[in-house]
Every structure is written in C-alpha cells, then in structure tokens.
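Mapping to the numbering used here: the sequence shown position 288 is 281, numbers consecutive.
Yeah, the Cβ is synthetic: ideal placement off N, Cα and C, and Gly gets one too.
Report on one structure; see the data block that follows.
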Amino acid sequence: MTDKTHSDGTTRRSTYSRRSVIGGIAVGAAAIAAPNVIRAQSGGRVLVRTSGGSYQDALQAGTWNSFTQKTGIEVVGVAANTGKLLAMVEAGSRELDIVEGNAVAILTLQSKGALQPLDVSRFEYTDPKDIGTVGPDFISYASFAEALVYNTDAFPKTHPTDWKQFWDVNSFPGKRMLQDAKAIAPNLEFALLADGVPVEQLYPLDIDRAFAKLKQIKPHIVKFFDSGALGASLLAEKTAVLGSLWTNRVEALRKGGAPLAVEWNQAMRLTEYTAVLKNAPNRDAALRLLDYSSSPEAQARTLPQIGLSPENKRAFEYISQDVAETLPTFPAIAQKGFEQNADWWLKNRAQVATRWEEFLLG
C-alpha cells in the first residue's frame, strides 16, 4: 500500500482502487496549536454522536470502556440520524464533542466551518500514516456497505440478486423497506440500477429518472427507515423481508439469530468518518478518544465484530484471514459493488431533500 498526499492537504492510503471521497474540495485550516503530547486527564467526559443501536453497543464494548479505564474520561453516546445531526449544527448546538458520519454528512459540516482542526501529531496510540484518510479536520474510521438484504425464511431457495429483481414484486413478493433521506440519502443509486443504468454510468445521478423508479416501488415499501437502528428493527421483526441496509447492522442481527443474508452484488460502499465539532466543550478529551479509537488494536477489537472494515491498515494484523474475507473492503466482495460518489451528493443533497419531501407527500 502507498500513501498519497492531495493538494488539499488530505492524505489517503491507496487500497483496493478506492477513490478519495474528498478529491477537489479545497480546505484551508491550520492545525491546533498545542503541545506534542496530549496531557493526561483524570476525569471528564466526551459526548459522541453515533447512529445508535448495535453500532454504539460495539463501540462501548470494544473501545469506550477500555478508554475510560485508561484515562478516567467517560464516553457518552448520543444517537442521532444524519438529518438530526445537521439540524443540531445548523441551530448552533454545542451538545456534542465528536461527530461520526458518512462522507456526505462530514463534508457538509466541513463546508459550514463546523469542524475543529485536528493536530494528529499529538496522537499517542495511533500513527496517522496508517489511517486511510487524514484531512485537516476529520479522519476516516471504518468502511461499510449498503446492500440488498433478505430474510432467508421468506426466500429459502432463490432471492433477488440485484436491484432490478428487488423491484420485481411479482417474482419476489414480500414487504420491502428502503432508506429515508434523513438517514444518509435516499436510494437513488439502487433505483437507477433497477431501471437498467450500468454501474459505471450511475454518476451524475439522473434525479428525475430515479424518483420515477422509486414511485413504482413505493406501494410495496412498508417504511422508509431514517436510522440504522430502525432498519434493523424492521428486518428483525419481519415487518419487512427485503430491503436495503448497512451491512454492519445485518451482521449484528445475524449474530443474534435473525434469519438474514446479504446479497453483495451491486452493494454500495461508504466510509465512516470522525471529527471534533468546532469549539466543542471537551475537545482535548475528544482528541484523545479519536486517537485511541483509531489505534489498530481498538479497531481490530471493535469493528469486525459488526462487519465493518477498519480504516487503520495495521488493524488487519490483529484480524484473522477468515474474518477479513467477510468484510466489505475484501477484494472479492468489493469488486461486486461500487463506491458512493460523495462529491455528487455534497453538491446535490439539498435539491434531493426537497424532491424527497415532495415524493413522500405525493
């Protein structure tokens, strides 16, 4: 693997031919003036925005508890979907220290000047060179995918193997779910794939065509879920037997005995990023948690347990080969899908959000 430094100051490790999600976005920010070593603290707390549910449970068990034992700093998770997170920042809320989110959410916050510059030279547990993406005010944390998920009791022999078949309610009957705009973004990519658009020609997305295709499936959707926790609940309770969902949520449900499986064909890969909000009340402690959470040991202990790929390349030294082969960035899996174009969503999110509200009311 090699390191690449982009003109905007972002360093991106090349891996599995993934594109940089922040190419072409100009960022100007100076590093925080601070000592090279993070001061030891004997107390305090950090408030972290997460998507809740099994994801937050994994963070608590795999990372936060041991961080608190080492530092005395309490970590409090605050569950909020992407829409709520952006609304909180727009309102000037300072209730959070650390935010986690996909590229669209983090780049939106960055464009609003809402993120604190990061001085990763102060890291003690993590070598910044090992992290997939290091920006002036955020770092990558994990990779995941949104994929077609099905109930194996409802589809014991054959199941939809692409999004065109997901839209085929006659051949594959059953209640369905798709993602709401408040979660990350509505599933425009999947709608276009269902309508016959080749993967390599998805972007720029044809918004009108995507919404026309979504209108066809809308009567068969029991819920457009606005959080990973809700999507997981709909599948676990068999309210829906087919749907799009983040693969880490599926892994947690499967470990709990839910009869679910992932179809990796045409899955969309995304990256989870983490950052400190500007003027966060506990930003020194927050930087320490970012450091600890990004360490190879913490990532190996936490992320594969719920089907996430670590963004610290050294974490794979602590992960068995059989587990690594199940993760979304493993080449045999990654080649079946595609990567979300975060730049397109950053430029078009507001327009799509307006269309989405009209779509729900129509």
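Whose C-beta lies closer than 6 Å to the C-beta of residue i among residues of the same chain, with five residues either side of it excluded?
| i | result |
| --- | --- |
| D146 | P252 |
| K329 | W257, N258 |
| G355 | none |
| I326 | W257 |
| E244 | I299, G300 |
| W349 | A174, P179 |
| W432 | Nothing in the structure corresponds to residue 432, since the chain is present only between -6 and 355. |
| G45 | A72, A222 |
Which of helix, strand or coil does DSSP assign to residue i?
| i | result |
| --- | --- |
| P303 | strand |
| S287 | coil |
| F148 | coil |
| L100 | helix |
| N29 | Low local confidence applies: a pLDDT of 30 at N29 is under 50, so the model's placement there is unreliable, and no value is given. |
| N341 | helix |
| M(-6) | Note that M(-6) scores a pLDDT of 37, beneath 50, so its modelled location is shaky; the value from the coordinates is reported in the next line. Correct three-state label for M(-6): coil. |
| E350 | helix |
| E318 | coil |
| N258 | strand |
| I326 | helix |
| A357 | Residue 357 cannot be examined here, being either before or after the span of the chain that is shown, -6 to 355. |
| E332 | strand |
| Y357 | No answer is possible for residue 357: it lies beyond the span of the chain, which begins at -6 and ends at 355. |
| L235 | strand |
| S0 | Residue placement at S0 is flagged as unreliable, the pLDDT there being 32, under the threshold of 50; the coordinate-derived value follows with that caveat. It is coil, neither helix nor strand. |
| A107 | coil |
| L141 | strand |
| T295 | helix |
| T240 | helix |
| D123 | helix |
| A268 | strand |
| A245 | helix |
How many angstroms separate the CA atom of residue i from the CA atom of residue j?
| i | j | result |
| --- | --- | --- |
| Y266 | V162 | 36 Å |
| N241 | G300 | 5 Å |
| T119 | A293 | 13 Å |
| F165 | P153 | 7 Å |
| P212 | G70 | 36 Å |
| F116 | N95 | 23 Å |
| L186 | L195 | 8 Å |
| V92 | L108 | 9 Å |
| G236 | A138 | 13 Å |
| Q49 | F217 | 22 Å |
| A358 | T75 | Outside the displayed range of the chain (-6 to 355) lies residue 358, so it cannot be described from this structure. |
| W338 | A72 | 23 Å |
| M81 | R38 | 20 Å |
| A51 | L282 | 15 Å |
| A233 | G167 | 7 Å |
| G128 | L102 | 13 Å |
| A335 | K122 | 23 Å |
| W239 | F309 | 21 Å |
| R307 | S313 | 13 Å |
| G54 | G106 | With the sequence shown as reference, residue 54 is identified as Ala, and Gly is not the correct amino acid for it. Taking the straight line joining both Cα atoms gives about 32 Å. |
| D155 | L141 | 8 Å |
| D277 | L78 | 21 Å |
| V316 | P297 | 7 Å |
| V269 | L111 | 8 Å |
Which same chain residues end up closer than 8 Å to residue i when comparing Cβ atoms and leaving out the 5 residues on each side of it in sequence?
| i | result |
| --- | --- |
| G189 | K157 |
| A273 | R87, L89, D90, I91, Q109, A279 |
| R342 | V97, T101, A178 |
| L346 | Rather than Leu, the amino acid found at residue 346 in this sequence is Ala. Closer than 8 Å at the Cβ level, and outside the excluded window around A346, lie A174. |
Go through its chain and collect everything with a Cβ distance to residue i's Cβ below 7 Å, but skip five positions before and after it.
| i | result |
| --- | --- |
| L171 | N180, I214, F217, G236, S237 |
| Y311 | P289, E290, A293 |
| F352 | F204, L207 |
| P197 | W337 |
| K231 | N144 |
Any beta carbon of chain C sitting closer than 8 Å to that of residue i?
| i | result |
| --- | --- |
| S287 | Absent from the structure is chain C; it holds one protein chain and no more. |
Discussion item. Which runs of the alpha helix (DSSP H) at least 4 residues long sit entirely within the region 36 to 97? Give them in chain order.
Written reply: 46 to 52, 58 to 64, 75 to 83
Item to complete: Determine, using beta-carbon pairs with one atom in the region 180 to 194 and one in the region 279 to 299, whether at least three such pairs fall under 8 Å.
Response: no
Worksheet item: Taking three-plus beta-carbon pairs below 8 Å as touching, is the region 239 to 256 in contact with the region 143 to 160?
Response: yes
Worksheet item: Using 8 Å as the threshold, is the region 168 to 179 in touch with the region 202 to 221, meaning 3 or more CB pairs across them?
Response: yes
Worksheet entry | Length at least 4, wholly inside the region 183 to 233: the alpha helix (DSSP H) runs in chain order | 200 to 210, 221 to 229
Fill in: 4-residue-minimum alpha helix (DSSP H) runs that sit fully inside the region 155 to 187, ordered along the chain
156 to 159, 181 to 187
Discussion item. Does the structure place the region 127 to 136 close enough to the region 195 to 205 that three or more beta carbon pairs sit under 8 Å?
Written reply: no
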